[in-house]
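Protein sequence lines correspond, in order, to chains A and B.
Start counting at 1 in the first sequence, then tack on 1428, and there's your number in the working numbering.
Start counting at 1 in the second sequence, then tack on 3, and there's your number in the working numbering.
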Amino acid sequence: MVALSSLIWCPVLLGILSWLAERRLRGAGNWVTLGALVLLLFVSFYLGAMGDSFVSLSWFSRFNIHFTLFYDGLAQLMVVMTLLLAMLALLVSWREIDRRHGFFHFNLMFSVAGINGVFLAADLFLFFLCWEAMLLPMTALILIWGHENRRYAAIKFFIFTQVSGLLMLLSIIALALFHQHSQGSLSFSLNELQYLDLPIDVQFWLMLGFFIAFAVKLPSVPFHTWLPDAHTQAPTAGSVLLAGILLKTGAYGLIRVLLPLFPEAAMSFAPVAVTLGVISIVYGALMAFSQTDFKRLVAYSSISHMGFILLALFSWQAIALQGAVLVMVAHGISSAGLFCVAGMLQHRLQSRELGEMGGLWASAPRMATVTLVFVMAGIGLPGLANFNGEFLSLLGSFAVYPLHAVAATLAIVGSALYGLRLFQRTFQGPVHTEVEDLQGRELLFCGLLVLALVYFGVQPHLILEASAASLDKLSALASFSEVRP
Amino acid sequence: MSMHELWLLSPIILLGIGILVLMLQTSWKRNANLARGLALMTLLITLVAHLFFYPDHSQTLTLLFEHEPVGGFFSLLLLLASLSVAFLQGPYSGGQSREVSEEFYLLLLLSTLGAMLLVMARHVAGVLISIELMSLAMLAMLAYNRQRRDSLEGAIKYLLLSGAATSLMLLGFGILYAVTGHLLLAEMLAVDPGLPGKAGLILVVAALAFKLSLVPLHFWTPDVYQGAPLNSTLLLTTLSKAAVFALLLKLMLMVPQGLAGDLTLILSWMAIASMLTGNWLALQQNNLKRLMAYSAIAHMGYVLVAAIIAMGQDDDLVLETAAYYMLAYLIASILVFSVLANLSQLDAEKDVDRTDEIRGLFWQHPWLAVTLVLAFLSLAGMPITIGFIGKFYLLTLAVGLSAWWLVGAMLVGSAVGLYYYLRVIFVLFDKTDRSLPTAKSFYLSKIWLGLIAISLLTLGVLPGLLGDQLGGLLFAG
């Protein structure tokens, strides 16, 4: 199934194509990129319709490294989400990008390629390669098209992720060497490494290497400080990709790599991880409440929401795992929506300061309505997608960590506070300034986002069914390693 | 000496003939273009001859030299470096330089000859002759632009210190000879030579460490790098480092058990100190040549890890690691200096080497800037470049032997290194209104550089292309 690998190399080629197209004809790049993303979406659905698929090509035989891809329901869910959010990123920056259009499209497509690689890789070397490669275009997006303080944000983002990635690389190499020790040959295959019998203390250190890398990406307190800067300084397209997809690669890594490889160590580490999750939830909410910058506020709220994923995954209950996946999708949609609104406001007002907004409802009622839906989704209003995710996460984790679950539940009150404050400061109150309301293209994608939130709010089982097979495997692993507090 | 041995020696002989022809041409009629053509032709013919007679087993050629795979692979690296310098000199000197141009190519060929002999040496005399041939020719190249004060200062500095290092090496070999009574390297180190012998070996290693600019023998590096014309700096940072490292690696493979313990300790400290100091001092630099000097110190620290592990560890991976890492370092260095050389003029007061001077390069000369970005990413060890594969080899080696101190220093060094490489990369994307002139079009040079840049990406994305073959290239089979 070479078609599967096209999800990785096609975006790069099409990105170059759209770069060239933009050079020949101003504005053509937008359409080429859009066409490319639609094409890739069809490919991913086509592949998904054929069931689980697997491809393995020899790549670097000196180290027994293979180009191995694995495509199942969960991977498909993430790939489709990546493509859709990339489309959103493209639509929202259709006219916003003011320089170097061709190069922008190339970077957008290159990051899609890297992210797809992370979601598909079934070989740890490939996983790491894509993990790091997606950094490059993302840093370029922040650096070239970002806002006033972009250099600082870009360098911080890059160094945080790269250094934590190095720790993961060490763990990967050590794992492969352990495999050589016990089985006679190096192996980077995720599948083979699962059956490796490691002493618990070794497991613990190796797990820590992976955990730090994933916790930085997620991000979890105390590794979160890159995120507010990166999100705030990135152009809207960059923020959408960062919040919508990039953060989920951390969660995906936990589900796909860390938990299956080190079940026992993960279990013994769970109390710490769960505590970090709850701290992230509370801390993110508190920090979000005290922000005056629209994007920064949303960025901190992301930290808070990602805390639920950490809490859910490490409590390792079937129901909590489902909750985590739901949060991944729902947060992808709602935060991407909020960043779009932030981008559109910034484009109109040249400011992200909440103090300079206010009373916008009068001039832009449609924008206010969709923002209200996004904010409500973030708060966890029943009927919108986020509620299901957070509810299942809390339900599952309550069974094992009741105290943590209670603390997290109380923090949801905090999310209502910052969410409502955000909405109030921008759209309500005395009329401070006037903006143009949503027009054609903007109305289209905002409407679709709202629809998606409502749809997955009432029909969450679609996501759950897609990811069921992968999660069942994890739940089965959990029953083997009963190290419960 | 049999006919067969003469054939095996043919790359060296051809290189020598090329030097003679170039010398005759220069004394008959001065012509920079002709000299460049001759030098390139000589190097290419040497390369072809070397590939044709690529060693698949070890064979002695006279008392002084031997024809064996490790030296063979490093000779390839040396020719890569020399060819790049020869290709670059055209755009850099602009064809019509105030300085005489022909001698540069002559010195380049002489230096290459010395380096190629050095990696083939098996006898103390062979080592000394070839290392001096390489260094003296290079010395003249370091001072090539006599109008520049810095250039002269750097060359004098290098002359004095390099002379001191050579005398240390002589003394060291002298002591080893006095203790063991042998002058062949392998016999000299065959048995544990006791305490005086240990002192001798350490002197020799110190001299090599000077050439590799390992901490604490690194102080000359930044000044010499900054002063010398770009092309000479490139030769210094590639040719001389690769050749000397090959010798060090060979010596390490021979070190007897009794000496290995202490030497491992000393070299480990040097490696850790080089990685940390090199990267730390590079942080402060705004001058790209100085930055590359400190980065070279750090990278020599990384690759020294392979040499340390080579002692007492009979593992195929060690040699492969050293080879791959050296190749990665060479490719990246060549690209960095070549971009700078394309922006600079030999006749100018100074080279373009401050980070301010390349601000916004991406918007004016995208290809040059992309090359520079790739080179720096490779030096930083980012995936999809060859530098990452080199780092991967090295980490695998170090983790496999549980050399945690070295691994730790490598991690800290990489993290610090990332910052200053990124800083330079980011400068390339800044806005600027200054226009940067580039050298006139030298298509051959550009094609050559394009090939190297493509190989940087190709070997980074498809490491198996070379990695799977390295075993066959490095081991007598």
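Even for Gly, the Cβ is constructed at its ideal location relative to N, Cα and C.
All figures in this text were calculated on a predicted structure; none of them were measured in a lab.
Taking residue 1818 of chain A as reference, the option from A/1857, A/1830, A/1863, A/1750 with the minimal CA-CA separation is A/1750. According to DSSP, residue 1743 of chain A shares a beta bridge with no other residue. Annotated as distal: residue 1471 of chain A and residue 1503 of chain A, with beta-carbon spacing of 8 angstroms or more.
Listed in chain order, the beta strand (DSSP E) elements of length 3 or more contained wholly in the region 1487–1551 of chain A are 1493–1499.
Put simply, of B/178, B/272, B/189 the residue whose alpha carbon is nearest the alpha carbon of residue 219 of chain B is B/272.
Here the region 1856–1863 of chain A makes contact with the region 1781–1790 of chain A; the two share three or more CB pairs at distances below 8 angstroms.
Taking a C-beta cut-off of 8 angstroms against chain A, the contacting residues of the region 397–417 of chain B are 398, 399, 402, 403, 410, 414, 417, listed in chain order. Per DSSP, the continuous beta strand (DSSP E) segment holding residue 70 of chain B begins and ends at 68–70.
In this structure, DSSP gives residue 426 of chain B a helical state, which the three-state scheme calls helix.
Of all alpha-carbon atoms in A/1459, A/1465, A/1454, A/1801, the one lying nearest the alpha-carbon of residue 1436 of chain A is that of A/1465. Cα atoms of residue 461 of chain B and residue 389 of chain B: separation of roughly 8 angstroms, rounded to the nearest angstrom. The beta carbon of residue 257 of chain B is closer than 7 angstroms to those of 188, 189, 192 in its chain, skipping five residues each way along the sequence. Shown here, residue 347 of chain B sits in coil according to DSSP, grouped into three states, outside any helix or strand. Residue pairing by DSSP places residue 357 of chain B opposite B/290 in a beta bridge. Ranked by Cα distance from residue 421 of chain B, the first of B/465, B/376, B/112 is B/376. Ranking A/1666, A/1566, A/1600 by CA distance to the CA of residue 1768 of chain A puts A/1666 first. The alpha-carbon of residue 63 of chain B is positioned some 22 angstroms away from that of residue 137 of chain B. Of the other Cβ atoms in all chains shown, 16 or more fall within 10 Å of the Cβ of residue 1657 of chain A; this residue is therefore buried. Across the region 415–435 of chain B, CB contacts with chain A closer than 7 angstroms involve 417, 418, 421, 422, 425, 429, 432, in sequence order along the chain.
For residue 470 of chain B, the neighbours in chain A by C-beta distance under 7 angstroms run, in chain order, 1488, 1490.
In the DSSP secondary-structure assignment, residue 1483 of chain A is bridged to A/1497. Closer than 8 angstroms to the CB of residue 44 of chain B there is not a single CB belonging to chain A. Taking every protein chain shown into account, the CB of residue 379 of chain B has 16 or more other CB atoms within 10 angstroms, so this residue is buried. Nearest C-alpha to residue 88 of chain B among B/418, B/291, B/451, B/478: B/451.
The DSSP-derived three-state label of residue 62 of chain B is strand. The Cβ-Cβ distance between residue 95 of chain B and residue 234 of chain B falls below 8 angstroms. Only residues of its own chain outside the window of five on either side were considered, and among them 1492 have a CB closer than 6 angstroms to the CB of residue 1613 of chain A, listed in chain order. Note on residue 293 of chain B: 16 or more other CB atoms within 10 angstroms of its CB, so buried under the neighbour-count rule.
In the three-state reduction of the DSSP assignment, residue 105 of chain B falls in the helix class.
Burial of residue 1655 of chain A is indicated by the presence of at least 16 other C-beta atoms within 10 angstroms of its C-beta.
Within the region 300–320 of chain B, not one residue has a Cβ closer than 7 angstroms to any Cβ of chain A. Interface with chain B (8 angstroms Cβ-Cβ cutoff): residue 1661 of chain A is excluded. Using beta-carbon distances, residue 1724 of chain A does not count as an interface residue toward chain B, since no partner is under 8 angstroms. DSSP places residue 1821 of chain A in the helix class (H, G or I) of the three-state scheme.
DSSP places residue 187 of chain B within a strand segment (E or B) once states are collapsed to three. Taken through DSSP and simplified to helix, strand or coil, residue 1860 of chain A comes out as coil.
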